[in-house]
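So the structure is just underneath, and the comments pick up after that.
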């Protein structure tokens, strides 16, 4: 008979203590945003601390981490949205194309037109589909052919074929997924260099989510994308680089690891990343 | 600690893999015994038992796929599953080599003995030891042990050289021995391949712990 004896000692499956290396940065890529020693406060509470990372051009960078680890705060610091909340402040530098966006004299509105943002919940204006996309162009005094620019943006957001016959329809009548793609069309209409996305799919169903992910890959040919996501599989599927944030004892979010997504998800350098992405913490 | 279900499934699938490894180690041991003792019944049993090894492999493979599909393992969990998937293929092939030896044992049982078996059982002993220790290195997550195990492949290769030279000498001296000597060369070759596949398991241990695929001790055969 074949021996089917079980091994005498039980199988141990420890979480390996891979020695934490230095935080790696995508050094060979051309940076578009460089964050240096960033700290952000809400009143007396520090939400993120000492974050230094580089966002590479025309790549998708995902920011992941447990709830409360400062992901949204960090992304909102990248285009000066954080300061819109009263009582907030920022320390450190965010260099965009080499220039500190927090330097005196920098116009935050100008920053936000070059670093656009898409939010968790689709937030189209209660206007027509056309006007939603044309809005940013109008306020920026766009002098070209508005119709052409709207079409170009809707095409780039993979929405044109679905809305081309109803551009005058109220945008709020679109489905959630279509509304989010409309918001992306609105964000890219003004030709930003970077598009920040704060959980852009968390209010969408799986099919709409996959469409947005496909769209992100398309857009990354022309734009730099930074995405905050709670969905680790989404970060793994869609991003080129991944930053992992954790909450410290003082509840401030800090950067644990930053590196190519394929490495972070297959062989993370830091045991905290390992514990988080394998679902042992967070 | 969260993800209790994933943890449990990972543990079980690894235990199943170790059961399979022991089935294979036993099949190799018994195939050499069938050869030495000219035990045709035992050889037939080994051939029949190989189906169980194959079934085990497919059962484990299916469980691994289920875990990937339902639990989306990441990082070391993912490397564990992938390693198990590769190792069971190596184990199944080792089982086939044991079956191959058993078939040769049946053929050789009909012929007069060529010589007392010394080096072939020694090859088997080292190869089986490598298999068991490679699996132990996996269980312990010990890449150092895995590297040491793979180094022993040199010993198997050296024994194979020796067996081959000796059998060649028989064939040159007396053409009537060619058939038997060829069959015995095949037995030795099966054992040599088993040691190579034990080395593959060692490579997986290093991958599992260190996250990099490193080819170890490339066999000259």
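Residue numbers (the working numbering), protein chains in the order written: chain G, 1 to 282; chain R, 1 to 221. Positions of the beta carbon are idealized from the N, C-alpha and C atoms, including for glycine. No experiment lies behind these values; they were computed from the predicted model shown.
Helix, strand or coil for residue i per DSSP?
| i | result |
| --- | --- |
| residue 213 of chain R | coil |
| residue 239 of chain G | coil |
| residue 206 of chain G | helix |
| residue 64 of chain G | strand |
| residue 84 of chain R | helix |
| residue 69 of chain G | coil |
| residue 5 of chain R | helix |
| residue 99 of chain G | strand |
| residue 115 of chain G | strand |
| residue 125 of chain G | coil |
| residue 182 of chain G | helix |
| residue 264 of chain G | helix |
| residue 206 of chain R | helix |
| residue 89 of chain G | strand |
| residue 106 of chain G | coil |
| residue 34 of chain G | strand |
| residue 157 of chain R | helix |
| residue 192 of chain R | helix |
| residue 42 of chain G | strand |
| residue 279 of chain G | coil |
Quick check: what's the CA-CA separation for residue i versus residue j?
| i | j | result |
| --- | --- | --- |
| residue 30 of chain R | residue 46 of chain R | 7 Å |
| residue 81 of chain R | residue 109 of chain G | 50 Å |
| residue 14 of chain R | residue 65 of chain R | 14 Å |
| residue 5 of chain R | residue 70 of chain R | 11 Å |
| residue 92 of chain G | residue 240 of chain G | 25 Å |
| residue 219 of chain G | residue 272 of chain G | 31 Å |
| residue 237 of chain G | residue 178 of chain G | 21 Å |
| residue 24 of chain G | residue 51 of chain R | Reliability fails at residue 24 of chain G, whose pLDDT of 45 lies under 50, so the model's placement of it is uncertain and no value is given. |
| residue 145 of chain R | residue 55 of chain G | 41 Å |
| residue 275 of chain G | residue 53 of chain G | 22 Å |
| residue 181 of chain R | residue 210 of chain R | 43 Å |
| residue 248 of chain G | residue 199 of chain G | 22 Å |
| residue 144 of chain G | residue 71 of chain G | 37 Å |
| residue 280 of chain G | residue 139 of chain R | 21 Å |
| residue 98 of chain G | residue 135 of chain G | 29 Å |
| residue 196 of chain G | residue 81 of chain G | 11 Å |
| residue 124 of chain R | residue 7 of chain R | 35 Å |
| residue 87 of chain R | residue 200 of chain R | 8 Å |
| residue 79 of chain R | residue 57 of chain R | 18 Å |
| residue 282 of chain G | residue 270 of chain G | 15 Å |
| residue 265 of chain G | residue 27 of chain R | 38 Å |
| residue 195 of chain R | residue 60 of chain G | 45 Å |
Buried or exposed: residue i, going by 16 or more other Cβ atoms within 10 Å of its Cβ?
| i | result |
| --- | --- |
| residue 76 of chain G | buried |
| residue 224 of chain R | This structure does not reach residue 224 of chain R, given that chain R is present from 1 up to 221, and the question cannot be answered. |
| residue 28 of chain G | exposed |
| residue 164 of chain G | exposed |
| residue 22 of chain G | Because residue 22 of chain G sits at a pLDDT of 37, beneath the cut-off of 50, its placement in the model cannot be relied upon, and the following sentence gives the value as read from the coordinates. Exposed, because fewer than 16 other Cβ atoms sit within 10 Å of the Cβ of residue 22 of chain G. |
| residue 49 of chain G | buried |
| residue 234 of chain G | buried |
| residue 148 of chain R | exposed |
| residue 73 of chain G | buried |
| residue 224 of chain G | buried |
| residue 223 of chain R | Because chain R in this structure spans residues 1 to 221, residue 223 of chain R falls outside the shown range and cannot be described. |
Between residue i and residue j, which are expected to be in contact by the criterion C-beta below 8 Å, what is the C-beta distance as a whole number of angstroms?
| i | j | result |
| --- | --- | --- |
| residue 261 of chain G | residue 62 of chain G | 7 Å |
| residue 245 of chain R | residue 117 of chain R | Past the edges of chain R, shown from 1 to 221, lies residue 245 of chain R, and the structure says nothing about it. |
| residue 216 of chain R | residue 150 of chain R | 4 Å |
| residue 207 of chain R | residue 213 of chain R | 5 Å |
| residue 53 of chain R | residue 95 of chain R | 4 Å |
| residue 10 of chain R | residue 77 of chain R | 6 Å |
| residue 25 of chain R | residue 102 of chain R | 14 Å between Cβ atoms; not a contact. |
| residue 171 of chain G | residue 125 of chain G | 7 Å |
| residue 190 of chain G | residue 140 of chain G | 6 Å |
| residue 44 of chain G | residue 253 of chain G | Actually they are not in contact, since the Cβ atoms of residue 44 of chain G and residue 253 of chain G sit about 16 Å apart, beyond 8 Å. |
For the candidate residues the options, whose alpha-carbon lies nearest to that of residue i?
| i | options | result |
| --- | --- | --- |
| residue 173 of chain G | G:129, G:135 and G:204 | G:129 |
| residue 117 of chain G | G:228, G:36 and G:148 | G:228 |
| residue 169 of chain G | G:248, G:136, G:65 and G:131 | G:131 |
| residue 161 of chain R | R:11, R:184 and R:68 | R:184 |
| residue 36 of chain G | G:94, G:232 and G:141 | G:94 |
| residue 215 of chain G | G:154, G:107, G:150 and G:122 | G:154 |
| residue 208 of chain G | G:190, G:176, G:143 and G:44 | G:176 |
| residue 182 of chain G | G:148, G:204 and G:133 | G:133 |
| residue 114 of chain R | R:178, R:189 and R:25 | R:178 |
| residue 258 of chain G | G:159, G:51 and G:140 | G:51 |
| residue 152 of chain G | G:270, G:187 and G:265 | G:187 |
| residue 188 of chain R | R:131, R:98, R:38 and R:129 | R:98 |
| residue 86 of chain G | G:141, G:42 and G:106 | G:42 |
| residue 134 of chain R | R:175, R:83, R:74 and R:168 | R:83 |
| residue 131 of chain R | R:12, R:22, R:16 and R:3 | R:22 |
| residue 185 of chain G | G:204, G:206, G:159 and G:58 | G:159 |
Taking 7 Å as the cut-off, is the C-beta of residue i nearer than that to any heavy atom in the ligand FAD?
| i | result |
| --- | --- |
| residue 68 of chain R | The ligand FAD is absent from the structure shown, which contains no ligands of any kind. |
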